[in-house]
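The structure appears below as structure tokens.
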């Protein structure tokens with residue numbers, strides 16, 4: 559499979575449809591776009607995203623730093639950033655801006671011969687950057703919850719809001735909060751938003 563005939567890098571962000579990709583197919587496709595992040599939806603849509611701008615990158619780094627510090631203090635769980643991918647039961651392959659998951663759950667999910675077993679993190683955070691449509695991010699958050707994520711936050715520094723996603727509930731939207739407190743799998747974690755909203 560090759561997309562050499564298409565100069566997609568000039569069109570980013572871009573989407574195209576390649577249903578039924580295996581893990582090997584997806585990794586081969588990623589190798590064609592080493593500077594971009596690729597995601598894959600349950601219906602076979604490939605999403606190719608360019609690198610984010612420095613301010614959004616700084617905000618994302620702050621999210622990961624705060625979550626990572628909390629996880630170290632608790633002495634449990636693993637934290638990943640947007641360079642980590644997760645393969646969901648729906649067939650989607652997603653890379654949340656930040657994620658936390660129980661180490662024992664991950665160890666039991668690991669499957670010999672595959673890099674990406676079917677696995678959903680316990681908690682995810684998505685951070686909106688200026689070129690992202692809010693509707694697409696809301697759909698992504700719903701997809702996380704439908705695939706087993708227990709808690710998700712959509713942080714929008716442009717609108718200064720945080721939408722909280724929980725299974726079986728409508729999203730709760732906080733407007734201009736100074737912080738947001740974790741619950742369930744990340745009870746005790748508090749994300750301070752001053753540096754994220756003002757980066």
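In my numbering, the protein residues as written are 559 to 757.
Beta carbons: idealized from backbone N, C-alpha and C, even for Gly.
All of these numbers come straight from a predicted model, not from anything done at the bench.
Would you report the Cα separation of residue 755 and residue 716, rounded to the nearest angstrom? Taking the chain shown and counting its residues from 1, the one referred to as residue 755 is at position 197. Taking the chain shown and counting its residues from 1, the one referred to as residue 716 is at position 158. One C-alpha to the other measures close to 8 Å.
Cβ-based neighbour list, residue 652, same chain, cut-off 6 Å, excluding 5 preceding and 5 following: Here residue 652 refers to the residue found at position 94 of the chain shown. 597, 644, listed in sequence order.
Would residue 736 and residue 752 qualify as a contact pair, given that the criterion is a beta-carbon distance under 8 Å? Counting from 1 along the chain shown, the entry for residue 736 is found at position 178. Counting from 1 along the chain shown, the entry for residue 752 is found at position 194. Yes, these two residues count as a Cβ contact at 8 Å.
Assign residue 734 to one of two classes, buried (16 or more other C-beta atoms within 10 Å of its C-beta) or exposed (fewer than that). To locate residue 734, count along the chain shown from 1; it is residue 176. Exposed.
Assuming residue 682 contacts residue 702 (C-beta within less than 8 Å), just tell me the rounded distance between them. Within the chain shown, numbered from 1, the residue matching residue 682 stands at position 124. Within the chain shown, numbered from 1, the residue matching residue 702 stands at position 144. Contact between residue 682 and residue 702 holds: CB atoms are separated by about 5 Å, below the 8 Å threshold.
Residue 655 beta carbon less than 8 Å from that of residue 684: Along the chain shown, read from residue 1 onward, the residue named residue 684 stands at position 126. Along the chain shown, read from residue 1 onward, the residue named residue 655 stands at position 97. It is a contact, given that the beta carbons lie within the stated cut-off.
Does the separation of the CB atoms of residue 604 and residue 622 fall below 8 Å? Indexing the chain shown from 1 puts residue 604 at position 46. Indexing the chain shown from 1 puts residue 622 at position 64. It is not a contact, given that the beta carbons lie outside the stated cut-off.
Using DSSP with H/G/I as helix, E/B as strand and the rest coil, what is residue 707? Here residue 707 corresponds to residue number 149 of the chain shown, with the count starting at 1. Here residue 707 sits in coil by DSSP.
Neighbourhood of residue 595 by C-beta distance below 7 Å, restricted to the same chain and skipping five residues each side: Within the chain shown, numbered from 1, the residue matching residue 595 stands at position 37. By the criterion of a C-beta distance shorter than 7 Å, residue 595 is surrounded in its chain by 607, 640, 653, once the five residues flanking it on both sides are discounted.
Taking DSSP's pairing of strands, which residues face residue 591 in a bridge? As a position in the chain shown, residue 591 is number 33, starting the count at 1. DSSP lists no partner for residue 591.
Going by alpha carbons, who is nearest to residue 726 out of 739, 609, 740, 710? Taking the chain shown and counting its residues from 1, the one referred to as residue 726 is at position 168. Of the candidates 739, 609, 740, 710, the one whose C-alpha sits nearest the C-alpha of residue 726 is 710.
Whole angstroms are fine: how far does the CA of residue 585 sit from the CA of residue 602? Numbered from its first residue, the chain shown carries residue 602 at position 44. Numbered from its first residue, the chain shown carries residue 585 at position 27. Computed Cα separation, rounded: 15 Å.
Would you mind working out which of 573, 627, 587 sits nearest residue 750, comparing C-alpha positions? By one-based count along the chain shown, residue 750 stands at place 192. Among 573, 627, 587, the Cα nearest to that of residue 750 belongs to 627.
Rounded to whole angstroms, what is the Cα-Cα separation between residue 745 and residue 706? The sequence position of residue 745 within the chain shown is 187, counting from 1. The sequence position of residue 706 within the chain shown is 148, counting from 1. When rounded, the distance between both Cα atoms is 17 Å.
Ends of the beta strand (DSSP E) at residue 732? To locate residue 732, count along the chain shown from 1; it is residue 174. It spans 730-733 - the beta strand (DSSP E) in which residue 732 sits, taken as one unbroken run.
Does the beta carbon of residue 583 fall short of 7 Å from some heavy atom of the ligand MN? The ligand MN is not part of the structure shown, which contains no ligands of any sort.
Buried or exposed: which applies to residue 678, given that a residue is buried once 16 or more other Cβ atoms fall within 10 Å of its Cβ? Translated into positions along the chain shown, residue 678 becomes position 120. The residue is buried, with at least 16 neighbouring Cβ atoms inside 10 Å.
How many Å lie between residue 647 and residue 669 at the Cα? In the chain shown, the residue the question calls residue 647 occupies position 89. In the chain shown, the residue the question calls residue 669 occupies position 111. Taking the straight line joining both Cα atoms gives about 14 Å.
Helix, strand or coil at residue 691 [DSSP, three-state]: Against the chain shown, residue 691 aligns to sequence position 133. Here DSSP, grouped into helix, strand and coil, assigns residue 691 to coil.
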